[in-house]
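Positions -23 to -1, 1 to 322 (mature numbering (1 follows the signal peptide of the UniProt record, and there is no 0)) are the ones given, in order, by the sequence shown.
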Amino acid sequence: MKKQLMTAGFVLFGLTLPLKASAAGFSQFNVFGDSLSDTGNVFTVSQQNSPTGPIPPDPPYFQGRFSNNKIWVDYLGQDIGLTPTLFANPSTKTPTQGINFAFGGSLSGEDNAFFPGAPGVLKQVGSFVGNNQKVDPNALYAVWGGGNDYLFGQNPNPNQTVSNLSNAVGALAQAGAKNILVFNLPDLGKTPLAVRTGNTSNLTTLTNAHNAALASALGQLNNNNPSVNIIPVDINSLFNRVIANPGEFGFKDVNTSCVVYDIRNNVVLKTCNNPNDYLFFDEVHPTTNAHKLVAETALAAIRAKSVPESSTALALLSLGALGAAAMLKRRQKRVSPEFSSKSNL
């Protein structure tokens, strides 16, 4: 009974708070980031330029993603009905649903940790907004970076890294973007790479400093751009909860990885047969089931930052909410006590 009432509450909340851009959704989905968001840019470029073959190798990686299957960009794209075109895909001249600019190995600024010439996050945004170019205000934009600065950069500085990301978000806002997702970092000290190399303490300290500085910077950007919907996505809390309670999310191993991959030499050193038992697919990248959780967290953040529509729309939505509540009440009578006591993620 309690669960049914909670479900009704979420239905009511979801119906009365549509997305800010419009009740129908966003017009485009544009993504800026690194390997956590790359759906195939590095893979596409490396097919032509890498003497060791495509990066990352497929299999065990999935169609250019740094994971065993789809990543959060794919899952959130499905939720909002948009599939961004790869920046590196020359066959699509006029992408209508957005562009994914993310490159594996990208640093927060101009450069890439592994692939010379590939753009960092700030450079990706710069190439998109151009010289005072206006962007679609009804699109959804996503910025996620910084991890490579700390894992593979030299002399990492959280203040500089956050400044790069803040400048990227500010450039999007200045160009006319109205809905911008900005992700913080999971605890890099808890990645299998950090554990194996004995760098846990240092990377945890850098992660905490990064996330604190990013939260402060986003607060300032909100104050300076009151008409822009800057949407923080708290991945740090998500991963901490998963690591503390892996069984709750269907994971058996949150400390080691399914795959050990040497990206510099493009060599897979270890694989496994049950990747979805793991939180980490390789020593720094999540499995597809973890990416689903990232997408769900991003979608919840979007809904939490939404604003009500006009009074007419709210009246219609209220009627819909009442109908949903009635439907749930009728459903209660048909559901057995055993089934109603079960919960799903």
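Note that the Cβ used here is the ideal one computed from N, Cα and C, for glycine as well.
{"Check": "Between the beta-carbon of F160 and the beta-carbon of I212, is there less than 7 Å?", "Outcome": "yes"}
{"Check": "Can you give me the start and stop residues for the alpha helix (DSSP H) that residue 329 sits inside?", "Outcome": "Only positions -23 to 322 of the chain appear in the structure, and residue 329 is not among them; the question remains open."}
{"Check": "Rounded to the nearest angstrom, how far is the Cβ of D254 from that of K282, given a contact under 8 Å?", "Outcome": "Actually they are not in contact, since the Cβ atoms of D254 and K282 sit about 34 Å apart, beyond 8 Å."}
{"Check": "With 16 as the cutoff for other CB atoms within 10 Å, does K269 come out buried or exposed?", "Outcome": "buried"}
{"Check": "Between H262 and P203, what straight-line distance do the alpha-carbon atoms span, to the nearest angstrom?", "Outcome": "34 Å"}
{"Check": "Below 7 Å between beta carbons: does that hold for L162 and G123?", "Outcome": "yes"}
{"Check": "Using C-beta distances below 8 Å, list every residue in its chain close to D215, excluding the 5 sequence neighbours before and after it, in chain order.", "Outcome": "Position check: residue 215 holds Leu in this sequence, whereas Asp was assumed. Here the set comprises P163, L270, V271 and T274."}
{"Check": "Pick out whichever of L142, T168 and F226 has its Cα sitting closest to the Cα of A190.", "Outcome": "L142"}
{"Check": "Where do the N-terminal and C-terminal ends of the beta strand (DSSP E) with V159 fall, by residue?", "Outcome": "N156 to F160"}
{"Check": "My output table needs one value for I207: the three-state DSSP class, helix, strand or coil.", "Outcome": "strand"}
{"Check": "Where does the unbroken beta strand (DSSP E) through T21 begin, and where does it stop?", "Outcome": "Taken as a continuous stretch (DSSP letters only), T21 belongs to no beta strand (DSSP E), being part of the alpha helix (DSSP H) at N18 to N26."}
{"Check": "Consult DSSP for P314 and reduce its assignment to one of helix, strand or coil.", "Outcome": "Unreliable positioning characterises P314 in this predicted model, as indicated by a pLDDT of 31, which lies under 50. The coordinate reading is nonetheless provided below. Helix at P314."}
{"Check": "Secondary structure at N45, three-state DSSP: helix, strand or coil?", "Outcome": "coil"}
{"Check": "Confirm, please, whether the CB-CB distance from L117 to F6 is below 7 Å.", "Outcome": "yes"}
{"Check": "Provide the residue span of the alpha helix (DSSP H) that contains Y127, from first to last.", "Outcome": "G124 to L128"}
{"Check": "Taking 7 Å as the limit between beta carbons, can you name the residues of its chain near S12, skipping five residues before and five after?", "Outcome": "F43, G81, G82 and H262"}
{"Check": "Quick check on A79: buried or exposed, where buried means 16 or more other Cβ atoms within 10 Å of its Cβ?", "Outcome": "buried"}
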